[in-house]
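Before any comments, here is the structure.
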Amino acid sequence: MTLTELETWLRETDSSRLETLWAEADRVRREHVGDEVHLRGLVEISNYCARLCGYCGLRADHVDLPRYRMEAAEILECARQAVAYGYGTVVLQAGEDYGITREWLAEVVRRIKAETPLAVTLSLGERPEADLVAWREAGANRYLLRFETSDPELYARIHPPLPGEVWRDRFEILARLRELGYEVGSGVMIGIPGQSYASLARDIATFENLDLDMIGVGPWLPHPATPLGVERGTWNVENGERPTEGNTGETPVPPDQVPNTEDMTYKVVALTRLVCPEANLPSTTALATLNKESGRELGLSRGANVVMPNLTPVKYRALYEIYPDKACINETAEACQLCLSGRIHSIGRRVGQGPGGRQRRGG
Ligand code: 5AD
Ligand code: FES
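Shown next as structure tokens:
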């Protein structure tokens with residue numbers, strides 16, 4: 012698809028034309044990755060973060076947020092739970108936390124790989140290359156690092172570098188991860204203040220160019236303790252008000268601004284499936300946060316084939332507040348397991364067996 016075609020779809024509002032997009036994405040999904048929905052158990056192992064990303068509630072200067080870092084034994088217990096629930100993968104995610112040392116995490120990965128059949132996915136930020144090498148050697152299979160936006164100016168505005176650190180290019184890190192033999196995942200947020208339709212179209216084209224194995228997309232959700240959340244007004248969770256097309260707060264919005272809405276998220280999921288037919292695409296928690304009723308199912312019916320049930324112990328859940336009012340915040344791991352398998356069956360799909368890695372076809 013050309014950039015112009017992508018952008019035209021992103022601007023489409025006619026519901027019958029959108030129905031054809033959903034149907035085509037669903038068809039391509041079925042043809043290339045089948046009816047199985049893979050479950051990736053998510054363990055949010057630490058909410059410490061050294062960085063100051065403009066959108067994220069875990070940013071280092073959010074001093075009111077109590078911080079936690081899970082013990083190795085707690086993480087191992089979550090991995091055992093993942094096995095018991097029939098998940099094929101455990102995802103260890105954290106802020107960019109240098110209290111998670113190379114050796115400590117390598118040992119955690121080695122133990123998970125020795126004691127369980129799970130695939131291990133890491134999502135730990137822009138770690139130095141030596142860490143990525145050590146973790147791969149320890150047996151980690153996949154790494155997630157969203158590039159967030161392909162617009163370099165917007166990217167720079169919302170990602171100040173670490174104090175005293177050199178600029179690190181996420182695309183270089185993604186390329187290095189691939190060389191190291193990881194399955195590589197990335198993705199973007201939809202409706203970041205300052206994100207234009209043309210730049211979101213380029214994001215989707217970039218997924219294709221990078222030949223990503225996993226692609227996660229979700230709406231930007233304003234967090235009141237972040238510069239972007241303050242700048243654009245906070246989403247009023249109290250009265251259930253949702254961001255409307257084109258405006259999420261008090262500040263006037265430029266005409267080319269992409270809205271951070273549910274529908275825009277489905278468009279990106281569907282178009283991503285069309286340009287990356289074999290990729291594993293999650294129906295994300297951020298999407299489920301915008302529509303707790305049926306967001307997960309609609310994502311799965313419009314191109315997605317993965318969900319990430321939360322396995323984080325309940326006592327830590329609420330502290331992993333990258334955005335407010337996150338779905339499943341008070342649910343136990345067992346509740347999420349039952350909830351998601353029920354949702355998968357309700358739309359006529361089945362739970363995937365085994366690790367569910369990227370399957371490349373021919374060529
Ligand atoms: N709204 C939506 N998504 C967010 N993320 C971080 N903060 C927010 C927010 N306020 C996403 C980023 C990050 C992923 C782990 O969570 O894309 O890569
Ligand atoms: Fe957690 Fe539905 S996925 S309660």
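This note's numbering runs 11 ahead of the 1-based position in the sequence shown. Backbone N, C-alpha and C fix where the C-beta goes; we use that ideal spot for every residue, glycine too. It should be emphasised that the depicted structure is a prediction, and the values quoted were computed from it without experimental measurement.
Any non-hydrogen atom of the ligand 5AD within 8 Å of residue i CB
i: H356; result: no
i: H73; result: no
i: I226; result: no
i: M12; result: no
i: E159; result: yes
Supposed contact pair residue j and residue i - C-beta distance, whole angstroms, cut 8 Å
i: L211; j: Y334; result: Their Cβ separation, rounded to whole angstroms, is 19 Å, which puts L211 and Y334 out of contact at 8 Å.
i: V54; j: T323; result: 6 Å
i: G314; j: R354; result: Between R354 and G314 the Cβ distance is about 16 Å, and since that is not below 8 Å, they are no contact.
i: M81; j: R153; result: Not really, about 20 Å apart at Cβ, beyond 8 Å.
i: T160; j: I203; result: 6 Å
i: V94; j: V362; result: 14 Å between Cβ atoms; not a contact.
i: A149; j: V120; result: 4 Å
i: V286; j: Q206; result: Not confirmed; about 18 Å, so no contact.
i: I215; j: L17; result: 5 Å
i: L143; j: L191; result: 6 Å
i: G227; j: R307; result: With a Cβ gap of about 13 Å, G227 and R307 do not count as contacting.
Cα-Cα separation between residue i and residue j, rounded to whole angstroms
i: A151; j: M200; result: 25 Å
i: D180; j: G136; result: 12 Å
i: G97; j: W115; result: 27 Å
i: L370; j: T237; result: Here residue 370 is Gln; the residue named in the question, Leu, does not match the sequence. Answer to the nearest angstrom: the Cα atoms are 39 Å apart.
i: Y193; j: K303; result: 32 Å
i: P128; j: E23; result: 44 Å
i: E164; j: N220; result: 20 Å
i: D86; j: L155; result: For the record, residue 86 in the displayed sequence is Ile; it is not Asp. Taking the straight line joining both Cα atoms gives about 18 Å.
i: Y331; j: E118; result: 23 Å
i: K11; j: A130; result: Residue 11 is absent from the model: the chain starts at 12 and stops at 374.
i: P293; j: M319; result: 7 Å
i: N291; j: L282; result: 14 Å
i: W33; j: V177; result: 42 Å
i: L76; j: A297; result: 20 Å
i: Q364; j: C89; result: 19 Å
i: V74; j: V44; result: 43 Å
i: G367; j: A145; result: 23 Å
i: L351; j: A186; result: 33 Å
i: D162; j: T295; result: 22 Å
i: F218; j: T112; result: 30 Å
i: P266; j: T19; result: 15 Å
i: D46; j: N316; result: 8 Å
i: A209; j: E35; result: 22 Å
i: R78; j: S26; result: 44 Å
i: A83; j: E345; result: 21 Å
i: R91; j: G175; result: 40 Å
i: R138; j: E107; result: 7 Å
i: F182; j: Y109; result: 21 Å
i: A105; j: N341; result: 19 Å
i: E252; j: L103; result: The predicted position of E252 is uncertain, since its pLDDT is 42 and thus under 50; a value taken from the coordinates is nonetheless stated next. Between E252 and L103, the C-alpha separation is close to 32 Å.
i: L239; j: A329; result: 21 Å
i: G99; j: R213; result: 32 Å
i: N250; j: C67; result: Because N250 sits at a pLDDT of 35, beneath the cut-off of 50, its placement in the model cannot be relied upon, and the following sentence gives the value as read from the coordinates. If you take the alpha carbons of N250 and C67, they lie about 22 Å apart.
i: R51; j: V101; result: 6 Å
i: S134; j: L349; result: 25 Å
i: M12; j: R122; result: 44 Å
i: S312; j: S197; result: 21 Å
i: L29; j: R372; result: 28 Å
Residue-chain proximity (residue i, chain C), Cβ-Cβ < 9 Å
i: Y66; result: Here there is only one protein chain, and chain C is not present.
message: When you compare the region 263-278 with the region 355-363, are there three or more beta-carbon pairs, one atom per stretch, that lie closer than 8 Å?
response: no
message: If contact is defined by three or more beta carbon pairs under 8 Å, each pair taking one atom from either stretch, is the region 55-65 in contact with the region 160-176?
response: yes
query: Mind listing, in chain order, the residues whose beta carbon lies closer than 5 Å to a non-hydrogen atom of the ligand 5AD?
result: Y66, C67, R157, M200, W231, L232, H234, A297, I333 and Y334
- request: Check whether the region 33-43 touches the region 223-231, taking contact to mean three or more Cβ pairs, one atom from each stretch, closer than 8 Å.
  value: no
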